[in-house]
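*Asks:* The structure is given below, and queries will be raised subsequently.
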Amino acid sequence: MRTRSSDYCVPFCCALMLSVVSCTRAGEPLALDSHDPSHDGRSIAVYHANEAMTFSRKAENVADQATVYTRLFGPGSEWVVGATLLAQYYEEEAKEKARAARRYRDGYNRRTTHGEVHD
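Under UniProt numbering, think of the first position of the sequence shown as 1, with each following residue one higher.
Next comes the structure, spelled out in structure tokens:
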């Protein structure tokens, strides 16, 4: 059976295009660890708010699992204790992310109120 050069060309071109697109930069990454609210404040606030919602959902799901584990294994089970601790951790992370979102949002709002940022 004979193969045509086009049989190899299409996958090669697709791979080449994918590598070119993936190597281009869309801009400077956000400095999420920066405590300066003036640097990408709105974008960072949105990121932290989304993370807070994600952690909150995880906390609810794991708390529901702990309830199921209580019925299955009893309240003193390691499964219940572990799930409860994990739910508490997720809830604390959600609160921390919400605080970070507020901090960046408030910093961004202060800057825009004083006319420092022009979108």
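For each residue, glycine too, the CB sits at the ideal point set by N, CA and C.
Specify, as a first and last residue, the run of the alpha helix (DSSP H) that residue 41 falls within.
*Replies:* In the sequence shown, counting from the first residue as 1, residue 41 sits at position 41. Unbroken alpha helix (DSSP H) run through residue 41: 41 to 73.
*Asks:* CB residue 98 to CB residue 62, shorter than 8 Å?
*Replies:* Indexing the sequence shown from 1 puts residue 98 at position 98. Indexing the sequence shown from 1 puts residue 62 at position 62. No, the Cβ-Cβ distance between residue 98 and residue 62 is not below 8 Å.
*Asks:* Between residue 100 and the rest of its own chain, which residues show a CB-CB distance below 6 Å, the 5 nearest in sequence each way excluded?
*Replies:* Looking up residue 100 in the sequence shown gives position 100. So the list reads 48, once near-sequence residues are dropped.
*Asks:* Among residues of its own chain, excluding the 5 on either side of residue 70, which ones have a beta-carbon nearer than 7 Å to its beta-carbon?
*Replies:* For this step, residue 70 is matched to residue 70 along the sequence shown. Here the set comprises 80.
*Asks:* Under 8 Å between the Cβ atoms of residue 83 and residue 66?
*Replies:* In the sequence shown, counting from the first residue as 1, residue 83 sits at position 83. In the sequence shown, counting from the first residue as 1, residue 66 sits at position 66. In contact: residue 83 and residue 66 (Cβ atoms closer than 8 Å).
*Asks:* Any idea if residue 119 is buried or exposed, counting beta-carbon neighbours within 10 angstroms, 16 or more meaning buried?
*Replies:* Mapped onto the sequence shown, residue 119 falls at position 119. Bear in mind that a pLDDT of 44 at residue 119, under 50, signals an unreliable position, so the model cannot answer this.
*Asks:* Based on Cα-Cα distance, which residue from 90, 78, 50, 42 lies nearest to residue 58?
*Replies:* Stepping through the sequence shown from its first residue, residue 58 is reached at position 58. Minimum Cα distance to residue 58 is reached at 90.
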